[in-house]
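Trainee: The structure is given below, and queries will be raised subsequently.
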Amino acid sequence: MRQVITIFLIIFISAHSFAQGKWSIDHEIIFDRYIVYEGAIDEKYPIIMRLEESSEACTNMASKWTPRLVYGWYMYKKIGKKIPLVGSVCYTDQCESSKELFVPSDPINYSFTDKCQINEFKEQFIQQKGDQDFLWKQKDGDTYPVKMNIKHEFSWKTTAILKFQINDLTISEINLTQLSKNDYIERIKTISQKRASGKFHILIQYSHQSNPGSYGHGSCGAGLEEYAAHLTINESFEIESFDKLLYRSCINNIFEIKAPYDVEKPELGLITKE
């Protein structure tokens with residue numbers, strides 16, 4: 009009899025737990041801050057190159073004109089082995105070239121000179137101003153042209169996705185980029201969530217740089233644009249309503265500290281007045 013009661017309780021508790029369903033909101037942000045080239049060295053050796061630009065300066069004398077570090081790799085298509093690259097990128101008129109890339113002699117231990125050069129390197133790629141192609145040369149060796157096509161453009165835009173999950177399984181995805189009409193979302197934080205009257209209420213914060221690509225320089229270069237948003241999702245896991253509010257902004261001189269929501273009562277939505 010006890011065994012029957014125990015089995016019944018296990019089944020009841022399991023069914024009850026599943027029926028309750030633990031739900032949550034997760035998120036994903038897709039960044040396109042990299043560039044992919046495809047081409048050939050000396051029109052004979054097909055290669056692929058992938059580069060990511062950094063906000064770090066290549067010297068200690070950092071300013072908005074200082075070249076920034078670039079990391080990446082290239083590989084010969086026939087070999088398929090990635091060869092590490094490191095170098096600098098510069099878009100100002102003060103620089104002679106747009107990109108200078110090196111294959112370091114030691115890919116772990118290397119250092120830059122005051123002119124953003126690496127002394128100990130095996131190979132070098134140089135991209136001249138306004139040019140898509142490169143020059144390739146071995147250290148103290150011959151130089152060859154490298155014809156390149158861009159296969160993936162570098163972009164400051166992002167794609168922000170919200171994921172409605174039940175028991176850690178994604179039931180539906182919400183494109184926050186399209187919903188908010190904001191192409192530069194960099195951070196998302198779930199503030200509060202609650203199920204009330206059969207509907208799901210979610211409060212989130214999202215933000216981005218005031219001036220994407222400024223690298224901390226210029227007006228509001230280090231500023232942020234911060235939004236609060238309220239979503240209502242119905243029982244079919246579809247968006248029923250969406251409201252947003254820019255409540256902190258360097259560009260618009262909004263420095264309100266009080267958050268426009270009640271964490272305990274997300275069903276109230278955004279609160280814009282006392």
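Numbering (the numbering used here), first residue to last: 9 to 282. Glycine included, each C-beta is placed from N, C-alpha and C at the ideal position.
1. In this structure, what does DSSP give as the bridge partners for K207?
2. By alpha-carbon positions, which one of D139, N190 and E248 ends up nearest to E234?
3. Using 8 Å as the threshold, is the segment 43–61 in touch with the segment 74–87, meaning 3 or more CB pairs across them?
4. Which stretch, first to last residue, makes up the beta strand (DSSP E) that contains S32?
5. Which first and last residues belong to the alpha helix (DSSP H) in which Q140 is found?
6. Which value, in whole angstroms, describes the spacing of the CA atoms of E64 and S119?
7. For S63, name the three-state secondary structure that DSSP assigns.
8. On the DSSP bridge list, what partners appear for S113?
9. To the nearest angstrom, how far is the alpha carbon of Q132 from that of C258?
10. Can you give the Cα-Cα distance for Q140 and E108, rounded to whole angstroms?
11. Consult DSSP for P75 and reduce its assignment to one of helix, strand or coil.
12. Give the list of continuous beta strand (DSSP E) stretches no shorter than 3 residues that lie fully inside the segment 150–177.
13. Mind checking whether Q217 and L232 have CB atoms under 8 Å apart?
14. So the candidates are T67, D251 and I262; which of them puts its Cα closest to the Cα of E275?
15. Looking only at DSSP bridge pairs, what is D251 linked to?
Mentor: Checking against the coordinates, here is how it stands:
1. Along the sequence shown, read from residue 1 onward, the residue named residue 207 stands at position 199. Looking at the DSSP assignment, K207 forms a beta bridge with A204.
2. Residue numbering aside, residue 234 sits at position 226 when the sequence shown is read from its first letter. Of D139, N190 and E248, the residue nearest in Cα terms is N190.
3. yes
4. As a position in the sequence shown, residue 32 is number 24, starting the count at 1. Element bounds for S32: W31 to F39.
5. On the sequence shown, residue 140 is found 132 positions in, with the first residue counted as 1. Careful: Q140 lies outside any alpha helix (DSSP H) and carries neither H nor E.
6. As a position in the sequence shown, residue 64 is number 56, starting the count at 1. As a position in the sequence shown, residue 119 is number 111, starting the count at 1. Each residue's Cα considered, the two are about 14 Å apart.
7. As a working mapping, residue 63 is identified with position 55 in the sequence shown. Strand, per DSSP.
8. On the sequence shown, position 105 is the one that residue 113 refers to. Answer is none; S113 lacks a bridge partner.
9. Within the sequence shown, residue 132 is the residue found at index 124, counting from 1. Within the sequence shown, residue 258 is the residue found at index 250, counting from 1. Roughly 41 Å between the two C-alpha positions.
10. To locate residue 140, count along the sequence shown from 1; it is residue 132. To locate residue 108, count along the sequence shown from 1; it is residue 100. Rounded to the nearest angstrom, the two C-alpha atoms are 13 Å apart.
11. By 1-based counting over the sequence shown, the position of residue 75 is 67. Coil.
12. 151–160 and 166–174
13. Within the sequence shown, numbered from 1, the residue matching residue 217 stands at position 209. Within the sequence shown, numbered from 1, the residue matching residue 232 stands at position 224. Yes. Within cutoff.
14. For the purposes of this step, residue 275 is taken as the residue at position 267 of the sequence shown. Comparing Cα positions, the closest option is D251.
15. Within the sequence shown, numbered from 1, the residue matching residue 251 stands at position 243. Note: D251 sits in a beta bridge opposite H238.
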